[in-house]
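Trainee: Dumping the structure here so I can ask a few things about it.
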Amino acid sequence: MAVEDPAALIYAHAVGLVSAQLGISGLPGRAKAVKLAAIRLLTLQEEHVSQLLEEDRCGSLPRAALEWERAQAAGLRAFISVWREFDGRDPRRSHKVQEDVSREIQRLQSIPHSRIFEVGLRAARGARLRQLGDPAGAYADLSSVTTVSPDVPFLTYAKAQLAQVLFMAGRWEESQDVAASAADRALLGREDATALVAYLTWALVPVSRGRYDEVAPMVSEITAVRKDAGVLVAASLERLHAWKAMVEADHEQAVKHLLRLRDESGGWWNVGTDSILLLIRAAHYAGLGSLIPPLQRLIWRGDCPVSIKFQDTVIDYMEAFQAWESHDPTEAMRRFLRVYEWLDAAPPIHSVQQVSECGGHRLFQAFNFLDMGALISAYPHELKRHRATVIDGLERSAALFTSVGSPGLLKLAVEQLSVLRPRLTSTAARRGPLRVQKSAPVQASTAPRTAISMNTVRTEIVGEVAGPLEGLSARERQVAVLIADGWTNREMAEDLGVSVRTVDFHVRNALTKFDVTSRHEIRHRLREGSCGN
1 MAVEDPAALI
11 YAHAVGLVSA
21 QLGISGLPGR
31 AKAVKLAAIR
41 LLTLQEEHVS
51 QLLEEDRCGS
61 LPRAALEWER
71 AQAAGLRAFI
81 SVWREFDGRD
91 PRRSHKVQED
101 VSREIQRLQS
111 IPHSRIFEVG
121 LRAARGARLR
131 QLGDPAGAYA
141 DLSSVTTVSP
151 DVPFLTYAKA
161 QLAQVLFMAG
171 RWEESQDVAA
181 SAADRALLGR
191 EDATALVAYL
201 TWALVPVSRG
211 RYDEVAPMVS
221 EITAVRKDAG
231 VLVAASLERL
241 HAWKAMVEAD
251 HEQAVKHLLR
261 LRDESGGWWN
271 VGTDSILLLI
281 RAAHYAGLGS
291 LIPPLQRLIW
301 RGDCPVSIKF
311 QDTVIDYMEA
321 FQAWESHDPT
331 EAMRRFLRVY
341 EWLDAAPPIH
351 SVQQVSECGG
361 HRLFQAFNFL
371 DMGALISAYP
381 HELKRHRATV
391 IDGLERSAAL
401 FTSVGSPGLL
411 KLAVEQLSVL
421 RPRLTSTAAR
431 RGPLRVQKSA
441 PVQASTAPRT
451 AISMNTVRTE
461 IVGEVAGPLE
471 GLSARERQVA
481 VLIADGWTNR
491 EMAEDLGVSV
501 RTVDFHVRNA
511 LTKFDVTSRH
521 EIRHRLREGS
531 CGN
């Protein structure tokens with residue numbers, strides 16, 4: 001076969017590229033007969049060449065040439081087979097397909113010269129894992145794509161998927177770098193739809209930083225060719241506009257674009273778990289909570305597949321909003337807390353990281369804290385025992401939004417904190433606008449950007465020495481304000497970076513200087529008094 005049909009590998013290579021293109025475009029069931037014929041051809045090719053190698057009947061051909069041909073046949077057969085499976089119409093087989101890919105990867109590892117196909121299979125699996133809500137698994141697979149640089153549209157798409165993983169993990173600079181390298185020169189020449197997808201992925205960062213004007217001209221150009229560019233580009237445009245609406249807290253627009261994303265992607269199962277989670281919260285805040293139960297049924301049935309280990313967390317998130325809609329704040333908070341605990345325990349997506357990245361779901365965790373803040377603001381008395389946990393989570397969210405350089409998202413966190421700690425923000429408000437500082441970790445642009453530091457907020461507040469706080473040291477003022485907000489000594493110690501014994505000392509001093517005997521009296525004094533009057 002190696003000698004009789006020299007064009008077989010060329011034909012199979014073309015079928016492989018088409019299979020990947022159809023797969024990533026969400027067009028199931030296309031070219032089934034062609035794929036099956038190519039798989040049969042390649043199976044015969046691999047068997048024939050393997051037999052020649054085993055019997056040492058290489059003839060006039062160098063052994064290395066036959067090994068290369070076997071690797072090509074085996075790799076292309078595996079690649080086409082995988083995309084044939086991914087291209088199936090039944091999303092409920094998605095988890096089974098992942099197992100098949102893993103077996104093919106393991107088989108290729110025993111065949112010399114098949115590295116590029118192994119990378120291709122990992123990229124295919126990684127792209128699906130990202131859709132299923134497994135960013136850690138997706139990162140492990142997709143990061144291998146950066147080690148190769150052939151001009152293959154599918155690998156360009158895979159890099160765009162890696163950029164999306166990094167974006168949701170709060171690693172926006174890396175996300176932009178990967179997306180930019182994927183687009184490269186093909187972007188400028190409009191040579192391939194996958195390059196436009198990579199650019200639109202790159203544009204997520206400036207859009208989320210409130211700098212849509214910087215990318216508006218290019219977005220307009222891509223929108224003009226949207227119909228001809230295909231479903232990949234159309235879906236990426238809707239995702240970009242959904243993020244813009246979400247950052248601006250325009251929940252109705254976010255729902256509209258996310259539903260269009262579903263339509264452009266060919267169904268719920270191609271939308272991706274990240275977008276499903278955004279739709280859940282946007283629907284609630286837009287007064288369209290009736291959308292959530294049907295989505296939950298789709299997930300239970302497997303028509304909208306989610307990673308097995310993440311599915312219970314997604315269901316908890318949905319149940320939280322449904323309990324909220326049913327005016328059951330206790331159950332809603334219990335569900336949100338389950339989401340928080342699962343995400344907080346998830347390992348980082350990169351093994352060298354010492355700090356958890358919520359399993360790559362850092363932005364989702366931050367949004368979960370925003371949701372908890374909104375819930376406790378709506379039911380302050382029923383949920384008062386969770387106040388300290390939510391405040392801590394909101395401060396963590398604010399720190400994340402500051403580090404990625406998103407004033408719009410940061411504003412949402414600060415607004416929640418202002419509701420939960422009205423005295424803290426009212427004092428600063430009377431003195432004028434809060435001081436701002438640049439977000440040092442973000443270096444990609446010289447455009448002006450403001451980011452509010454939560455430590456700066458707290459320092460401004462406790463620096464006000466008139467009224468009830470007069471006569472207390474700076475640290476005693478900090479402790480008094482936190483007591484008024486219901487913090488325990490251990491929570492204060494962790495927040496201030498000191499020992500519990502040190503906090504005990506400052507609490508006793510504050511009690512003495514206030515001439516009171518209980519923390520409740522300090523809380524009453526500060527809540528009823530007026531700092532600065």
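According to full-length UniProt numbering, the sequence shown is numbered sequentially starting from 1.
Glycine included, C-beta positions come from ideal geometry on N, C-alpha and C.
Predicted, not measured: the structure shown is a model, and the values here were computed from it.
Looking only at its own chain, which residues have a Cβ that is under 6 Å from the Cβ of L298, when we skip the five neighbours before and after it?
Mentor: Stepping through the sequence shown from its first residue, residue 298 is reached at position 298. Here the set comprises W268, C304.
Trainee: Tell me whether the beta-carbon of Y212 lies closer than 9 Å to the beta-carbon of K256.
Mentor: For the purposes of this step, residue 212 is taken as residue 212 along the sequence shown, with counting starting at 1. For the purposes of this step, residue 256 is taken as residue 256 along the sequence shown, with counting starting at 1. Not closer than 9 Å, so no.
Trainee: Tell me whether the region 104 to 115 and the region 66 to 82 touch, counting them as touching only if at least three CB pairs, one residue from each stretch, are closer than 8 Å.
Mentor: A contact exists between the region 104 to 115 and the region 66 to 82.
Trainee: Going by C-alpha to C-alpha distance, which of E238, L383, V207 sits closest to D263?
Mentor: Within the sequence shown, numbered from 1, the residue matching residue 263 stands at position 263. Considering only alpha carbons, the answer is E238.
Trainee: At the level of alpha carbons, what is the spacing between E382 and L400?
Mentor: As a position in the sequence shown, residue 382 is number 382, starting the count at 1. As a position in the sequence shown, residue 400 is number 400, starting the count at 1. When rounded, the distance between both Cα atoms is 28 Å.
Trainee: In chain order, what residues of the same chain lie with their CB nearer than 7 Å to the CB of R122, ignoring the 5 residues before and after it?
Mentor: The count along the sequence shown starts at 1 and reaches residue 122 at position 122. Once the five neighbours on either side are set aside, the close Cβ partners of R122 are I105, D141, S144.
Trainee: What's the gap between the Cα of G266 and the Cα of L278?
Mentor: By one-based count along the sequence shown, residue 266 stands at place 266. By one-based count along the sequence shown, residue 278 stands at place 278. Each residue's alpha carbon lies about 18 Å from the other.
Trainee: Determine the extent of the alpha helix (DSSP H) in which Y285 is found, giving its start and end residues.
Mentor: Here residue 285 refers to the residue found at position 285 of the sequence shown. Taken as a continuous stretch (DSSP letters only), the alpha helix (DSSP H) holding Y285 covers 273 to 285.
Trainee: Going by beta carbon distance, what residues of the same chain come within less than 8 Å of A203, once the five residues before and after it are set aside?
Mentor: Position 203 of the sequence shown, counted from the start, is the residue given in the question as residue 203. The answer, listed in chain order, is V215, M218, V219, L240.
Trainee: Among A282, A127, A33, which has the Cα closest to the Cα of V247?
Mentor: Within the sequence shown, residue 247 is the residue found at index 247, counting from 1. Closest by alpha carbon: A282.
Trainee: With E214 as the anchor, note down where its alpha helix (DSSP H) starts and where it stops.
Mentor: For the purposes of this step, residue 214 is identified with residue 214 of the sequence shown, where counting begins at 1. Start and end: 212 to 224.
Trainee: Would you mind working out which of E118, H361, E55, K159 sits nearest V82, comparing C-alpha positions?
Mentor: By 1-based counting over the sequence shown, the position of residue 82 is 82. Measuring from the Cα of V82, the nearest candidate turns out to be E118.
Trainee: State the start and end residues of the unbroken alpha helix (DSSP H) segment that holds N489.
Mentor: Counting from one through the sequence shown, the residue named residue 489 turns up at place 489. Start and end: 489 to 496.
Trainee: Starting from P329, trace the alpha helix (DSSP H) in both directions and tell me its first and last residue.
Mentor: The residue you call residue 329 lines up with position 329 of the sequence shown. Start and end: 329 to 345.
Trainee: Kindly give me the distance between the Cβ atoms of L412 and L375, rounded to whole angstroms, as I take these residues to be in contact under 8 Å.
Mentor: Counting from one through the sequence shown, the residue named residue 412 turns up at place 412. Counting from one through the sequence shown, the residue named residue 375 turns up at place 375. With a Cβ gap of about 14 Å, L412 and L375 do not count as contacting.
Trainee: Let's test the definition: count the other Cβ atoms within 10 Å of the Cβ of Q51 and tell me whether it reaches 16, buried, or not, exposed.
Mentor: Taking the sequence shown and counting its residues from 1, one reaches residue 51 at position 51. When all chains shown are included, Q51 counts as exposed.
Trainee: Which residue's Cα is closest to the Cα of D328: I280, N368, Y340, A378?
Mentor: Residue mapping note: residue 328 aligns to position 328 of the sequence shown, counting from 1. Nearest C-alpha to D328: A378.
Trainee: For L155 versus G120, is the C-beta spacing smaller than 9 Å?
Mentor: Residue mapping note: residue 155 aligns to position 155 of the sequence shown, counting from 1. Residue mapping note: residue 120 aligns to position 120 of the sequence shown, counting from 1. In contact: L155 and G120 (Cβ atoms closer than 9 Å).
Trainee: Is the beta carbon of S406 closer than 9 Å to that of R171?
Mentor: The residue you call residue 171 lines up with position 171 of the sequence shown. The residue you call residue 406 lines up with position 406 of the sequence shown. In this structure, S406 does not lie closer than 9 Å to R171 by Cβ.
Trainee: If we call anything under 9 Å between Cβ atoms a contact, is A242 one with S290?
Mentor: The residue given as residue 242 occupies position 242 in the sequence shown. The residue given as residue 290 occupies position 290 in the sequence shown. No.
Trainee: Answer yes or no: do L132 and T273 have a C-beta to C-beta separation smaller than 9 Å?
Mentor: As a working note, residue 132 is residue 132 in the sequence shown. As a working note, residue 273 is residue 273 in the sequence shown. Contact flag set, yes.
Trainee: Report buried or exposed for P347, applying the criterion of at least 16 other Cβ atoms within 10 angstroms of its Cβ.
Mentor: As a first step, residue 347 must be located in the sequence shown, where it is residue number 347. The residue in question, P347, is exposed, as its Cβ has fewer than 16 Cβ neighbours within 10 Å.
Trainee: Can you tell me which of M333, L162, H48 puts its alpha carbon nearest to the alpha carbon of R385?
Mentor: Sequence index remark: in the sequence shown, residue 385 carries index 385 (1-based). If we check each option's Cα against that of R385, M333 comes out closest.
Trainee: Taking DSSP as the reference, what is the three-state secondary structure of T402?
Mentor: Working through the sequence shown from its first residue, we reach residue 402 at position 402. Of the three classes helix, strand and coil, the one that applies to T402 here is helix, per DSSP.
Trainee: Quick one: using the 10 Å Cβ neighbour count with 16 as the cut-off for buried, is V507 buried or exposed?
Mentor: As a first step, residue 507 is located in the sequence shown; it is residue number 507 there, counting from the start. With 16 or more other Cβ atoms within 10 Å, it is buried.
Trainee: With distances taken between CB atoms, is the gap from H113 to A71 smaller than 9 Å?
Mentor: The residue labelled residue 113 in the question sits at position 113 within the sequence shown. The residue labelled residue 71 in the question sits at position 71 within the sequence shown. In this structure, A71 lies closer than 9 Å to H113 by Cβ.
Trainee: Between which two residues does the alpha helix (DSSP H) holding A309 run?
Mentor: The sequence position of residue 309 within the sequence shown is 309, counting from 1. Per the sequence presented here, residue 309 reads as Lys, with Ala not at that position. Where K309 is concerned, the enclosing alpha helix (DSSP H) stretches over 308 to 325.
Trainee: Anyone know if the C-beta pair for T223 and A160 falls short of 9 Å?
Mentor: Counted from its first residue, the sequence shown places residue 223 at position 223. Counted from its first residue, the sequence shown places residue 160 at position 160. No.
Trainee: Report yes if the C-beta distance between S175 and V205 is below 9 Å; otherwise report no.
Mentor: Residue 175 sits at position 175 when you count from the first residue of the sequence shown. Residue 205 sits at position 205 when you count from the first residue of the sequence shown. Yes.
Trainee: Reducing DSSP to helix, strand and coil, say where T502 ends up.
Mentor: By 1-based counting over the sequence shown, the position of residue 502 is 502. T502 falls in the helix class under three-state DSSP.
Trainee: Work out the CA separation of Q21 and Q45 for me, nearest whole Å.
Mentor: Here the question's residue 45 lines up with position 45 in the sequence shown. Here the question's residue 21 lines up with position 21 in the sequence shown. Whole-angstrom Cα-Cα distance: 24 Å.
Trainee: Let me know the secondary structure DSSP gives L109 once reduced to three states.
Mentor: Counting from one through the sequence shown, the residue named residue 109 turns up at place 109. Note that residue 109 corresponds to Gln in the displayed sequence, not to Leu. Three-state result, Q109: coil.
Trainee: Between which two residues does the alpha helix (DSSP H) harbouring H386 extend?
Mentor: Taking the first residue of the sequence shown as 1, we reach residue 386 at position 386. Counting along the chain, H386 falls outside any alpha helix (DSSP H), and DSSP gives it neither H nor E.
Trainee: By a C-beta neighbour count over all protein chains shown, 10 Å radius and 16 as the cutoff for buried, is D228 buried or exposed?
Mentor: For the purposes of this step, residue 228 is identified with residue 228 of the sequence shown, where counting begins at 1. Exposed, by the Cβ-count rule.
Trainee: With DSSP collapsed to three states, give me the class of Y139.
Mentor: Stepping through the sequence shown from its first residue, residue 139 is reached at position 139. Correct three-state label for Y139: helix.
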